[in-house]
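Sequence order for the protein chains is A and B. Here the first sequence is numbered in the numbering used here, starting from 1 and rising by one per residue. Here the second sequence is numbered in the numbering used here, starting from 1001 and rising by one per residue. Backbone N, C-alpha and C fix where the C-beta goes; we use that ideal spot for every residue, glycine too. Heads up: the structure comes next, in structure tokens.
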Amino acid sequence: MAMDESVRKAVLGAVPSLRAFAISLCGNVDRADDLVQETMLRALANIDSFQPGTNMSAWLFTILRNHFRSEYRKRRREVEDSDGHYADSLKTQPEQHGQVEFREFKEALGQLPSDQREALILVGASGFSYEEAANICGCAVGTIKSRVNRARTRLAELMSIDGIDDFGPDEQTRAVLAGGRD
Amino acid sequence: METAATRNRKTDSKPGKLGREVQARLGQQLRAMYDDVVNQGVPDRFADLLNRLDGNKDKH
Chain A
1 MAMDESVRKA VLGAVPSLRA FAISLCGNVD RADDLVQETM LRALANIDSF QPGTNMSAWL
61 FTILRNHFRS EYRKRRREVE DSDGHYADSL KTQPEQHGQV EFREFKEALG QLPSDQREAL
121 ILVGASGFSY EEAANICGCA VGTIKSRVNR ARTRLAELMS IDGIDDFGPD EQTRAVLAGG
181 RD
Chain B
1001 METAATRNRK TDSKPGKLGR EVQARLGQQL RAMYDDVVNQ GVPDRFADLL NRLDGNKDKH
């Protein structure tokens, strides 16, 4: 099969963000990579159903998400990690963020209901509009907005954040300051 | 250790009303985590897969 060069480029170009999305869905790098590979195979087998001029990335995300829902959710207990495995699945952590805070964030994200987590990732990290995210998830725009709002609120609760003060630049300073209050 | 005090404060909070700074900070963490994976680029297995699927690539 000869592959159109523009299709090839678009598919390869989408791989990094497909992987990031897949990891956020299944919490495991190896499984995520399998998911991305299966997505690519499905996409290329059905490339005729892709409408040129529309967003290839959103189309691929939709395939990945639907495939995950239909196949991987059956194995949910195996797959889902409530225990912060997601935090361990990433090899590097940015130095500019407090390590403790970043770890807390990833653990909290792992505790969100999956529909809220995927909405938050699509809008907050993948850069899709609410409309695109709604298309990818097959739901109404208002549903996506509500899931994103609930996800943010829940994250803040899980991380015990009331205000910007809780994001201290330095864990030790924060502990000292907190300890000094009543 | 970090959270006894913050958790106590937390009980007074009102869920559903996040400040802009908090939202911005959560968004920043989210993107940092996501970009961490994005910046790993395209692992070889995916380029190899496309090459295998694309018969033309085997011929040169």
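Test: residue i CB closer than 8 Å to a CB of chain B
i: M3/A; result: yes
i: G124/A; result: yes
i: P113/A; result: no
i: A156/A; result: yes
i: S17/A; result: yes
i: Q37/A; result: yes
i: T153/A; result: yes
i: L60/A; result: no
i: K106/A; result: yes
i: I144/A; result: no
i: I136/A; result: no
i: I23/A; result: yes
CB contact check: residue i to chain A, cutoff 8 Å
i: K1044/B; result: The amino acid at residue 1044/B is misidentified as Lys; the sequence shows Asp. For D1044/B, the answer is no, since every Cβ of chain A falls outside 8 Å of its Cβ.
i: D1054/B; result: yes
i: P1015/B; result: Note that P1015/B scores a pLDDT of 44, beneath 50, so its modelled location is shaky; the value from the coordinates is reported in the next line. Closer than 8 Å to some Cβ of chain A, the Cβ of P1015/B qualifies, so yes.
Selected residue, minimal CA-CA separation from residue i, among the options
i: D1044/B; options: T54/A, D33/A, Q51/A; result: D33/A
i: C183/A; options: L44/A, L64/A, Q99/A; result: The structure shown does not extend to residue 183/A, since chain A is modelled only from 1 to 182, so the question has no answer here.
i: H67/A; options: N55/A, T39/A, G53/A; result: T39/A
i: L1053/B; options: G138/A, S70/A, R31/A, R8/A; result: R8/A
i: R117/A; options: S24/A, A156/A, L12/A; result: S24/A
i: G186/A; options: Q37/A, P52/A, A151/A, G13/A; result: The displayed coordinates of chain A run from 1 to 182. Any statement about residue 186/A would go beyond what the structure contains.
i: V1038/B; options: A156/A, T153/A, V15/A; result: V15/A
i: A125/A; options: N55/A, L12/A, A22/A; result: A22/A
Contact set for residue i: own chain, Cβ-Cβ below 7 Å, skip 5 residues either direction
i: K145/A; result: Y130
i: M159/A; result: E104, F105, A108
Residues of its chain near residue i, where Cβ-Cβ distance is below 8 Å and the 5 sequence neighbours each way are ignored
i: F128/A; result: A58, F61, L122, I136
i: A134/A; result: A140, V141, T143, I144
i: M3/A; result: L44
Proximal residues of chain B, C-beta to C-beta of residue i below 8 Å
i: R8/A; result: L1050, D1054
i: L120/A; result: L1030
i: L12/A; result: V1042, F1046, A1047, L1050
Partner residues on chain B for residue i, Cβ-Cβ distance less than 7 Å
i: I161/A; result: V1022
i: A20/A; result: Y1034, V1037, V1038
Own chain partners of residue i with C-beta closer than 6 Å, once the 5 adjacent residues on each side are dropped
i: V148/A; result: A119, L120, V123
i: G138/A; result: none
i: L1018/B; result: none
Per-residue contacts from residue i into chain B (C-beta, under 9 Å)
i: F102/A; result: Q1029, A1032, M1033
Practice task
Select from the stretch 26-58 of chain A all residues with a C-beta closer than 9 Å to any C-beta belonging to chain E, and list them in chain order.
Solution key: The question asks about chain E, but that chain is absent: this structure's protein chains are A and B.
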